[in-house]
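This report refers to the structure that appears directly beneath it.
There are 2 protein chains.
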Amino acid sequence: MKTTQFALPHVVIVGAGFGGLRAARRLARLPVRVTLIDRNNYHLFQPLLYQVATAGVSAADIAYPVRAVLRRQKNARFLLAEVRQVDLLNRRLLTSAGEVSYDYLILAVGGQTHYFGQDGLAAHTFGLKTLADADSIRDHVLTLFERASRESDPNRRRALLTFAVAGGGPSGVEMAGALSELIRLALPRDFPGFDVSEARVLLLEAADYLLPAMPPDLRQAALRVLQRKGVEVRLGARVQSYDGQRIELASGEIIPSRTLIWAAGIRAVELVQNLPVEHAAAGRVRVDPTLQLPGFPEVFVIGDAAYLEDEQGNPLPMVAPVAMQQADAVVENLRRRLDGQSLLAFQYRDPGMLATIGRNQAVARLGRFHLRGFIAWAMWVAVHILQLIGFRNRLVVMINWAWDYFLYERALRLIQTPPQPGRLPQQEAGRLGNG
Amino acid sequence: MKTTQFALPHVVIVGAGFGGLRAARRLARLPVRVTLIDRNNYHLFQPLLYQVATAGVSAADIAYPVRAVLRRQKNARFLLAEVRQVDLLNRRLLTSAGEVSYDYLILAVGGQTHYFGQDGLAAHTFGLKTLADADSIRDHVLTLFERASRESDPNRRRALLTFAVAGGGPSGVEMAGALSELIRLALPRDFPGFDVSEARVLLLEAADYLLPAMPPDLRQAALRVLQRKGVEVRLGARVQSYDGQRIELASGEIIPSRTLIWAAGIRAVELVQNLPVEHAAAGRVRVDPTLQLPGFPEVFVIGDAAYLEDEQGNPLPMVAPVAMQQADAVVENLRRRLDGQSLLAFQYRDPGMLATIGRNQAVARLGRFHLRGFIAWAMWVAVHILQLIGFRNRLVVMINWAWDYFLYERALRLIQTPPQPGRLPQQEAGRLGNG
Numbered sequence: 009m010k011t012t013q014f015a016l017p018h019v020v021i022v023g024a025g026f027g028g029l030r031a032a033r034r035l036a037r038l039p040v041r042v043t044l045i046d047r048n049n050y051h052l053f054q055p056l057l058y059q060v061a062t063a064g065v066s067a068a069d070i071a072y073p074v075r076a077v078l079r080r081q082k083n084a085r086f087l088l089a090e091v092r093q094v095d096l097l098n099r100r101l102l103t104s105a106g107e108v109s110y111d112y113l114i115l116a117v118g119g120q121t122h123y124f125g126q127d128g129l130a131a132h133t134f135g136l137k138t139l140a141d142a143d144s145i146r147d148h149v150l151t152l153f154e155r156a157s158r159e160s161d162p163n164r165r166r167a168l169l170t171f172a173v174a175g176g177g178p179s180g181v182e183m184a185g186a187l188s189e190l191i192r193l194a195l196p197r198d199f200p201g202f203d204v205s206e207a208r209v210l211l212l213e214a215a216d217y218l219l220p221a222m223p224p225d226l227r228q229a230a231l232r233v234l235q236r237k238g239v240e241v242r243l244g245a246r247v248q249s250y251d252g253q254r255i256e257l258a259s260g261e262i263i264p265s266r267t268l269i270w271a272a273g274i275r276a277v278e279l280v281q282n283l284p285v286e287h288a289a290a291g292r293v294r295v296d297p298t299l300q301l302p303g304f305p306e307v308f309v310i311g312d313a314a315y316l317e318d319e320q321g322n323p324l325p326m327v328a329p330v331a332m333q334q335a336d337a338v339v340e341n342l343r344r345r346l347d348g349q350s351l352l353a354f355q356y357r358d359p360g361m362l363a364t365i366g367r368n369q370a371v372a373r374l375g376r377f378h379l380r381g382f383i384a385w386a387m388w389v390a391v392h393i394l395q396l397i398g399f400r401n402r403l404v405v406m407i408n409w410a411w412d413y414f415l416y417e418r419a420l421r422l423i424q425t426p427p428q429p430g431r432l433p434q435q436e437a438g439r440l441g442n443g
Numbered sequence: 009m010k011t012t013q014f015a016l017p018h019v020v021i022v023g024a025g026f027g028g029l030r031a032a033r034r035l036a037r038l039p040v041r042v043t044l045i046d047r048n049n050y051h052l053f054q055p056l057l058y059q060v061a062t063a064g065v066s067a068a069d070i071a072y073p074v075r076a077v078l079r080r081q082k083n084a085r086f087l088l089a090e091v092r093q094v095d096l097l098n099r100r101l102l103t104s105a106g107e108v109s110y111d112y113l114i115l116a117v118g119g120q121t122h123y124f125g126q127d128g129l130a131a132h133t134f135g136l137k138t139l140a141d142a143d144s145i146r147d148h149v150l151t152l153f154e155r156a157s158r159e160s161d162p163n164r165r166r167a168l169l170t171f172a173v174a175g176g177g178p179s180g181v182e183m184a185g186a187l188s189e190l191i192r193l194a195l196p197r198d199f200p201g202f203d204v205s206e207a208r209v210l211l212l213e214a215a216d217y218l219l220p221a222m223p224p225d226l227r228q229a230a231l232r233v234l235q236r237k238g239v240e241v242r243l244g245a246r247v248q249s250y251d252g253q254r255i256e257l258a259s260g261e262i263i264p265s266r267t268l269i270w271a272a273g274i275r276a277v278e279l280v281q282n283l284p285v286e287h288a289a290a291g292r293v294r295v296d297p298t299l300q301l302p303g304f305p306e307v308f309v310i311g312d313a314a315y316l317e318d319e320q321g322n323p324l325p326m327v328a329p330v331a332m333q334q335a336d337a338v339v340e341n342l343r344r345r346l347d348g349q350s351l352l353a354f355q356y357r358d359p360g361m362l363a364t365i366g367r368n369q370a371v372a373r374l375g376r377f378h379l380r381g382f383i384a385w386a387m388w389v390a391v392h393i394l395q396l397i398g399f400r401n402r403l404v405v406m407i408n409w410a411w412d413y414f415l416y417e418r419a420l421r422l423i424q425t426p427p428q429p430g431r432l433p434q435q436e437a438g439r440l441g442n443g
């Protein structure tokens, strides 16, 4: 740190997700020092995590080193650390790399998987928020196929090949669609003699419809596409418990399954839940319309961690466009504060919503327009590839997708780590060979 | 398995490395049933492991699913399992997936890191044999750079930035060269203010020369290139012990270092060492010139697991060309045996040897020709990219390399897993920020 910069206000940003990284870059123009803190050294393009989980792209394709993003920004530095506590009164953070003081703080820490108090679910389900989650799902699914290929008992084989996804929002819909295609299109080529009809993909949703943020006609369209792709969509199906072997629904129904991917909810991380301020649902903190923390005007909270309502009184959704627009708003408000101007209230401009369902289908709401089918899917591909940071990543992801699209091939279906103990029952000794 | 095949002899191959996979494919033409067993579901292109370790390519670029390779081969199937014991008398294998009987067995299980009885070394060093090894090294090196960037004590910073490689064979030379380039060319762009002269790469070799399989002029050339690239080559330096903090040499010298990559030896895996037959150095089993296990003519051993001497009485090296030529020889001998002909003795045709040293330097021995410098490097790139199985992998690796070569950029420098406990000392609490 050069001495000439010491007089500049120190803005600390926690979280290098969509909101935090955008805020850091936008702050290049302001007379401040910026420290961006994240526990990972990469920015993760979360919308494509389900593609890593279903062997469509590899982890490196959707993650980009934060230092490479900030390299040319002279007023910013990166700190790899876990933030353990926010000391609001003393304006400092306690982190795994020591204390960090701030003049202004932007909390952009995102969310984590929400089990709604059913902690038993956390032990046996797969989340879908981190690279490790996605790698685990891929390894697990591929390992189950290997197990099933040498299992002679039909009931056990069926349980091994029953893959359940809980949650009918965009993540659950995308995951179920991609999983069904992996199973129906890619894996049968690898497992000769494999009977696809033995494998099931279940999408379990507690409500009576999918994609709550979509208009009814697109919800219906998504449902039909999923069913056409072989996904068993179960509406009104609330998961009661799961022990790694059997899913119990609130109705009392039991579904034997070795796989439950939990995409049913997101809540604020502990760091945010522990803040001594007023919280809303899912542990989000209520912020002022200016995105400031009430009582702490030097602290801004954005993205999944912040609770704010739109003009109709609906909570702003936990999606990337909200976080990125809030990042822009916070940087503008910081500029105003440094210039002695009054701050502006945040206004969300809803850009619409896209959800993809497999290789060539999607539903999209764009203002007044409702799109579905191939055109919506093509738009989804274009939007996501363009948003991916880094030209090389874009190129590699495009090659992988083009390859996959035209050849139904998945070169990435590697089991990189052995299955976790406890996740699978001990192997039954079978007899193979001359038999 | 179709009933018409039941009468066909069952050939079981253990190991999907260079030898095992080649044997499986060559057996397509013989009237046999083939079962290929590996504990991983992929073939690993080991010569490029050091590139994964130094963030040059990602794991998926150098691994290819075995099932994709065997997909069109009707007489072959794949079994994902760990082989725990070979029951030679009863002609069966005990595996994690049950028993597997064989009529003929081809053991192609490769080697593992050899610590020469110094088991203490295994606990704190990094091997370089598996994808997990390579991922661990990359995560570790990048994490140390993050730590060093916020460490104010010069001695501790120096220990964090001292990277040692033990072993002056091709693996050690390649690893040290690539590590030095990662540190000198790529990372300084990510860590502004980082003083490259604080970082050291040490190559420790017990003998008085590098690359024992190379002629003396190329050993000298490799040494000079490494030194020019900033690698401190220490000849006559035998590692005595390492506790994760300090490397002790046989001379009594202590080198404080948080990283020791062990590329100093390969030995046969336990499965081979436990065979009740005569063993040679490094636990390899002595095989007949026909590659059969003495006393068990239905068992063939190839590659790193087999000990055989050339006409001059030198042991055949543990390299891919030996394994692949032996695979061809075993398949030919199997054909002869099925046809009632006498078996042939294996003859190794030495294709030469290549070792690369960073971005644009290599040494190569090709028959009478000794090559060095850029031309040898270009040949190395061509040979390796052509050998990589799968066109997509080739394309992606080429893009990564071209990108890296022209832009000194490493998009893959992601820390994917948190550092292992014990590997690094507990973080000292520092004070950052306005301080």
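Protein chains in written order, with my numbering: chain F, 9 to 443; chain W, 9 to 443. The C-beta atom is built at its ideal place from N, Cα and C for all residues, glycine as well.
I'd like to know whether the C-beta atoms of residue i and residue j end up nearer to each other than 8 Å.
| i | j | result |
| --- | --- | --- |
| V20 (chain W) | Y123 (chain W) | no |
| Q59 (chain F) | V233 (chain F) | no |
| V510 (chain F) | A105 (chain F) | Outside the shown range of chain F, which is 9 to 443, sits residue 510 (chain F), and nothing can be said about it. |
| A156 (chain F) | P264 (chain F) | no |
| R343 (chain W) | L57 (chain W) | no |
| F171 (chain F) | V204 (chain F) | no |
Which whole-angstrom value is the C-beta distance of residue i and residue j, which I expect to be below 8 Å?
| i | j | result |
| --- | --- | --- |
| A230 (chain W) | A363 (chain W) | 6 Å |
| L211 (chain W) | V239 (chain W) | 5 Å |
| E213 (chain W) | G175 (chain W) | 7 Å |
| A445 (chain W) | R34 (chain W) | Not covered by the structure: residue 445 (chain W). The range shown for chain W is 9 to 443. |
| L136 (chain W) | V307 (chain W) | Actually they are not in contact, since the Cβ atoms of L136 (chain W) and V307 (chain W) sit about 29 Å apart, beyond 8 Å. |
| R158 (chain W) | L87 (chain F) | 7 Å |
| V76 (chain W) | R47 (chain W) | According to the sequence shown, residue 76 (chain W) is Ala rather than Val. Actually they do not touch by this definition, with Cβ atoms about 18 Å apart. |
| A276 (chain F) | R292 (chain F) | 5 Å |
| G25 (chain W) | H51 (chain W) | 7 Å |
| G379 (chain W) | T298 (chain W) | Residue identity differs from the one stated: residue 379 (chain W) is Leu in this sequence, not Gly. Not a contact, Cβ separation roughly 35 Å. |
| L243 (chain F) | A221 (chain F) | So it is not a contact: roughly 16 Å between Cβ atoms. |
| T6 (chain W) | L257 (chain W) | Residue 6 (chain W) lies beyond the residue range present for chain W, which begins at 9 and ends at 443; the question has no answer from this structure. |
Take residue i as the anchor and find which of the options has the nearest alpha-carbon.
| i | options | result |
| --- | --- | --- |
| E189 (chain F) | F:D161, F:R236, F:L152 | F:R236 |
| L424 (chain F) | W:G185, W:A140, W:D46 | For the sequence presented, residue 424 (chain F) should be read as Gln rather than Leu. It is W:A140. |
| P302 (chain W) | W:A289, W:L283, W:N322, W:V209 | W:L283 |
| W270 (chain F) | F:V40, F:E182, F:L422 | F:E182 |
| G360 (chain F) | F:F304, F:V330, F:D336 | F:V330 |
| Q72 (chain F) | W:D198, W:R192, W:L96 | The sequence shown places Tyr at residue 72 (chain F), rather than the Gln named in the question. Measuring from the Cα of Y72 (chain F), the nearest candidate turns out to be W:D198. |
| L129 (chain F) | F:L193, F:V173, F:R380, F:R373 | F:V173 |
| P223 (chain F) | F:R275, F:A384, F:R373 | F:R373 |
| F202 (chain W) | W:D127, W:P162, W:D216 | W:P162 |
| I365 (chain W) | W:R158, W:G185, W:F377, W:P55 | W:G185 |
| S144 (chain F) | F:F26, F:G321, F:A116, F:A61 | F:A61 |
| R294 (chain F) | F:L346, F:P323, F:F53, F:A84 | F:P323 |
| L78 (chain F) | F:R227, F:W388, F:N49, F:G348 | F:N49 |
| L388 (chain W) | W:P220, W:V327, W:R367 | For the sequence presented, residue 388 (chain W) should be read as Trp rather than Leu. It is W:R367. |
| L195 (chain F) | F:L169, F:R266, F:D296 | F:L169 |
| A15 (chain W) | W:S66, W:P55, W:A68, W:N83 | W:N83 |
| Q81 (chain W) | W:N98, W:E107, W:A36 | W:A36 |
| Q8 (chain W) | W:L193, W:N341, W:F304 | In the structure as shown, chain W starts at 9 and stops at 443, and residue 8 (chain W) therefore has no counterpart that could be examined. |
message: Can you confirm whether the segment 113–129 of chain W touches the segment 309–322 of chain W when touching is taken to mean that 3 or more C-beta pairs between the two stretches lie within less than 8 Å?
response: The segment 309–322 of chain W and the segment 113–129 of chain W touch, with no fewer than 3 CB-CB distances between them shorter than 8 Å.
query: Are the segment 20–29 of chain W and the segment 42–53 of chain W touching by the rule of at least three beta carbon pairs closer than 8 Å?
result: Counting Cβ pairs under 8 Å, three or more are found: they touch.
The segment 91–98 of chain W touching the segment 272–290 of chain W, judged by at least three CB pairs closer than 8 Å: Contact holds between the segment 91–98 of chain W and the segment 272–290 of chain W, because three or more Cβ pairs, one in each stretch, are under 8 Å apart.
- prompt: Using 8 Å as the threshold, is the segment 248–259 of chain W in touch with the segment 151–159 of chain W, meaning 3 or more CB pairs across them?
  reply: In this structure the segment 248–259 of chain W does not touch the segment 151–159 of chain W; the number of beta carbon pairs closer than 8 Å is below three.
field: In chain order, each alpha helix (DSSP H) run of at least 4 residues that lies wholly inside the segment 242–330 of chain F
entry: List check, alpha helix (DSSP H) in window: 278–281.
- request: Note down, one range per segment and in chain order, each alpha helix (DSSP H) of at least 4 residues found wholly within the segment 169–235 of chain W.
  value: Runs of the alpha helix (DSSP H) lying entirely within the segment 169–235 of chain W, each at least 4 residues long, are 178–189, 195–198 in chain order.
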